[in-house]
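Taking it in order: structure first as structure tokens, then the write-up.
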Amino acid sequence: MNDQWNFLLKTIWDQMIHLVIRFEGHVDDTLLDLAVREALCAEPLTGMKFIPGETPFFEPACPDSEMPAWACIRTSDLDHTLEDLLATPLDPLRGPMVRIRLLRSDDDLLCISFNHTITDAYGVKSFGSLIARLYRSKKCEGDYLPAGNSHDRSFNSIFSLISAAERKKSLGQPGKWQGAWNIPFKSFGRGNRQYATQIIEKELFSLIRQYARIHGITVNDLLLASYVLALAESIHVPAGTCNPVLTSIDLRRYLSPDMYPSLANLSVAFELPVQIPRQPDLPGTVRQIHDLMYDCKSGHAGIGAAMFLCREFDTGFRHVEKELTEMEKKTRDGLLGKNPFFTNLGVIPEGVTEYSVPVRAAWILGPVEYPPGFGLAACTHRGQLTLSAGFSGEAFERDWVFSLLSSVSQNLSRLTSRV
Numbered sequence: 458m459n460d461q462w463n464f465l466l467k468t469i470w471d472q473m474i475h476l477v478i479r480f481e482g483h484v485d486d487t488l489l490d491l492a493v494r495e496a497l498c499a500e501p502l503t504g505m506k507f508i509p510g511e512t513p514f515f516e517p518a519c520p521d522s523e524m525p526a527w528a529c530i531r532t533s534d535l536d537h538t539l540e541d542l543l544a545t546p547l548d549p550l551r552g553p554m555v556r557i558r559l560l561r562s563d564d565d566l567l568c569i570s571f572n573h574t575i576t577d578a579y580g581v582k583s584f585g586s587l588i589a590r591l592y593r594s595k596k597c598e599g600d601y602l603p604a605g606n607s608h609d610r611s612f613n614s615i616f617s618l619i620s621a622a623e624r625k626k627s628l629g630q631p632g633k634w635q636g637a638w639n640i641p642f643k644s645f646g647r648g649n650r651q652y653a654t655q656i657i658e659k660e661l662f663s664l665i666r667q668y669a670r671i672h673g674i675t676v677n678d679l680l681l682a683s684y685v686l687a688l689a690e691s692i693h694v695p696a697g698t699c700n701p702v703l704t705s706i707d708l709r710r711y712l713s714p715d716m717y718p719s720l721a722n723l724s725v726a727f728e729l730p731v732q733i734p735r736q737p738d739l740p741g742t743v744r745q746i747h748d749l750m751y752d753c754k755s756g757h758a759g760i761g762a763a764m765f766l767c768r769e770f771d772t773g774f775r776h777v778e779k780e781l782t783e784m785e786k787k788t789r790d791g792l793l794g795k796n797p798f799f800t801n802l803g804v805i806p807e808g809v810t811e812y813s814v815p816v817r818a819a820w821i822l823g824p825v826e827y828p829p830g831f832g833l834a835a836c837t838h839r840g841q842l843t844l845s846a847g848f849s850g851e852a853f854e855r856d857w858v859f860s861l862l863s864s865v866s867q868n869l870s871r872l873t874s875r876v
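The sequence shown maps to residues 458 to 876 in the numbering used here.
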């Protein structure tokens, strides 16, 4: 059901998650070719397509000579070629579900892209780690055979760890809200997919982590609070209102690491009712976010979100599809709004980027969200934090998006200046 849900969310975003690794120099493309092909064989879902219906299923996709899962592209302009690549999503109805591209210029850039229908960001990192391990095993002339991964890809193994009473309690809402966000979009156009990024350098990120330790909060609390205040200031939300913000949580937190399925959709989103302060108050907003997140985690809000999703599908795939289509129509008619979204895509482990070649940077990009929705994603690699937003260039002013990300960074800088 979690796969079906993420397939149907194609109405709100382009479904793509990208892992980008920028090298200083060149990888061995022959070894990389072997590693990628073995990784694709080890994870059969990557070569599938989604077949909707009363009982949806995956089936092998016919190879597309014009759009293969794996290719090397030589280019004189890495950044421009990457932009073109990111602007083209994968169609889950045609397959495959993954696209790997090595962009070669004076340096190399590796882009691993997944359609959200089969996995969340953890799976993208897991698959990236698999390719890197296979590459290193070839380089060292050793053997590395990927272990089969037959763990449950549904929510069932997680639900079994939570008592019936706790599951029932988790369905309660964390709170109520009165306000709404008016994200400044020009149209409902979905074309011209773009990304804006903001780098938080190691020095500032070190202060952010230090501040979090001192005050007994999480880095995620700091990021979410900085985002909320940046939004409130940018679009002039009335002070004192309580507005909903969507955020995500990875339900793998309930499992031991040896039980993680390699590719799966185990991340869910839930709403936080955030009180907008009457005066800019970042420390107060951080504490409010921390308390809200603590209550949500201790109350198993993520379990509640997953259970609600499964209950929706009790009526069948086609019914849920119809409901989402109707919601999208109401949104476009101005009858429903969309909440801003924040997702922390986590740390990119060292093993994902180890190709015996120096790495300049690595980051993950979440889906391009369609108007009037807007989302911010965060990820970390080697002590450097990357904030990113995927958006429609037809719907949003590029300057507004970059200004918003800059405001988030400035909020973090002002807060941690007190460390």
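Cβ atoms here follow ideal geometry from the backbone N, Cα and C, with glycine treated the same way.
As the structure is a prediction and not an experimental result, all values here were calculated from the model.
Expressed to the nearest angstrom, what Euclidean distance is found between the alpha-carbon atoms of residue i and residue j?
{"i": "P520", "j": "K795", "result": "37 Å"}
{"i": "R479", "j": "L844", "result": "17 Å"}
{"i": "D678", "j": "G791", "result": "31 Å"}
{"i": "E495", "j": "V581", "result": "16 Å"}
{"i": "F831", "j": "F642", "result": "9 Å"}
{"i": "S860", "j": "P695", "result": "20 Å"}
{"i": "Y812", "j": "V484", "result": "7 Å"}
{"i": "S929", "j": "C597", "result": "Outside the modelled stretch of the chain, which goes from 458 to 876, sits residue 929, for which no answer is possible."}
{"i": "S611", "j": "A621", "result": "18 Å"}
{"i": "T538", "j": "P549", "result": "23 Å"}
{"i": "I557", "j": "P734", "result": "45 Å"}
{"i": "E623", "j": "E523", "result": "50 Å"}
{"i": "L833", "j": "S705", "result": "11 Å"}
{"i": "P603", "j": "H757", "result": "33 Å"}
{"i": "A544", "j": "V555", "result": "15 Å"}
{"i": "E511", "j": "R817", "result": "47 Å"}
{"i": "D534", "j": "D564", "result": "10 Å"}
{"i": "P718", "j": "H693", "result": "43 Å"}
{"i": "K659", "j": "L566", "result": "22 Å"}
{"i": "T800", "j": "F727", "result": "11 Å"}
{"i": "K754", "j": "S627", "result": "10 Å"}
{"i": "E780", "j": "E516", "result": "26 Å"}
{"i": "I619", "j": "N613", "result": "10 Å"}
{"i": "G629", "j": "T698", "result": "22 Å"}
{"i": "L476", "j": "G840", "result": "17 Å"}
{"i": "V825", "j": "I671", "result": "35 Å"}
Check whether the Cβ atoms of residue i and residue j lie closer than 8 Å to each other.
{"i": "Q472", "j": "H573", "result": "yes"}
{"i": "L688", "j": "P797", "result": "yes"}
{"i": "P828", "j": "F645", "result": "yes"}
{"i": "I746", "j": "V725", "result": "no"}
{"i": "G847", "j": "G823", "result": "yes"}
{"i": "Q651", "j": "R855", "result": "yes"}
{"i": "L766", "j": "M458", "result": "yes"}
{"i": "A499", "j": "L587", "result": "yes"}
{"i": "L680", "j": "F584", "result": "no"}
{"i": "L686", "j": "P737", "result": "yes"}
{"i": "L442", "j": "L729", "result": "Nothing can be reported for residue 442, as the shown portion of the chain is limited to 458 through 876."}
{"i": "I821", "j": "I474", "result": "yes"}
{"i": "N700", "j": "A637", "result": "yes"}
{"i": "M716", "j": "H608", "result": "yes"}
{"i": "A526", "j": "L491", "result": "no"}
For residue i, which residues from the same chain have a beta carbon less than 6 Å from its beta carbon, with the 5 sequence-adjacent residues on both sides left out?
{"i": "L708", "result": "I615, L723 and G759"}
{"i": "I640", "result": "P829 and F831"}
{"i": "S594", "result": "Y601"}
{"i": "A819", "result": "I478, I805, T810 and H838"}
{"i": "S683", "result": "V865, N868 and L869"}
{"i": "A653", "result": "A846, V858, F859 and L862"}
Any idea if residue i is buried or exposed, counting beta-carbon neighbours within 10 angstroms, 16 or more meaning buried?
{"i": "I575", "result": "buried"}
{"i": "D752", "result": "exposed"}
{"i": "C568", "result": "buried"}
{"i": "S874", "result": "exposed"}
{"i": "R561", "result": "buried"}
{"i": "D577", "result": "buried"}
{"i": "P501", "result": "exposed"}
{"i": "G552", "result": "buried"}
{"i": "S570", "result": "buried"}
Given residue i, which residues of its chain have a CB within under 7 Å of its CB, disregarding the five upstream and five downstream residues?
{"i": "L842", "result": "I657, F662 and A835"}
{"i": "P513", "result": "Q461, F507 and F774"}
{"i": "L489", "result": "L559 and Y592"}
{"i": "E778", "result": "L465"}
{"i": "T742", "result": "A682, V685, L686 and P734"}
{"i": "L802", "result": "A578, I821, G823, A834, A835 and C836"}
Can you find a CB in chain C that lies within less than 8 Å of the CB of residue i?
{"i": "V702", "result": "Chain labels in this structure do not include chain C; a single protein chain is all it has."}
If I measure Cβ to Cβ from residue i and keep anything under 8 Å in the same chain, skipping five residues before and after, which residues do I get?
{"i": "L793", "result": "M784 and K787"}
{"i": "G808", "result": "S586, A589 and R590"}
{"i": "L739", "result": "A682, S683, L686, N868, R871 and L872"}
Unbroken beta strand (DSSP E) runs of length 3 or more, entirely within the stretch 712 to 756: which are they?
Listed in chain order, they are 724 to 732.
Enumerated in chain order, which unbroken segments of the beta strand (DSSP E) with a length of 3 residues or greater are wholly contained in the stretch 805 to 862?
Here the runs fully enclosed are 816 to 822, 832 to 838 and 841 to 849.
Please give me, in chain order, every unbroken run of the beta strand (DSSP E) with length at least 3 that falls completely inside the stretch 567 to 643.
The beta strand (DSSP E) runs lying completely inside the stretch 567 to 643 and spanning 3 residues or more number zero.
In chain order, which beta strand (DSSP E) runs of at least 3 residues are fully inside the stretch 485 to 524?
With a minimum length of 3 residues, the continuous beta strand (DSSP E) runs that stay inside the stretch 485 to 524 are 505 to 508 and 514 to 517.
Kindly provide the ranges of any alpha helix (DSSP H) runs that are 4 or more residues long and lie completely inside the stretch 532 to 556, ordered along the chain.
If only complete runs of 4 or more residues are kept, the stretch 532 to 556 shows the alpha helix (DSSP H) at 535 to 543, in order along the chain.
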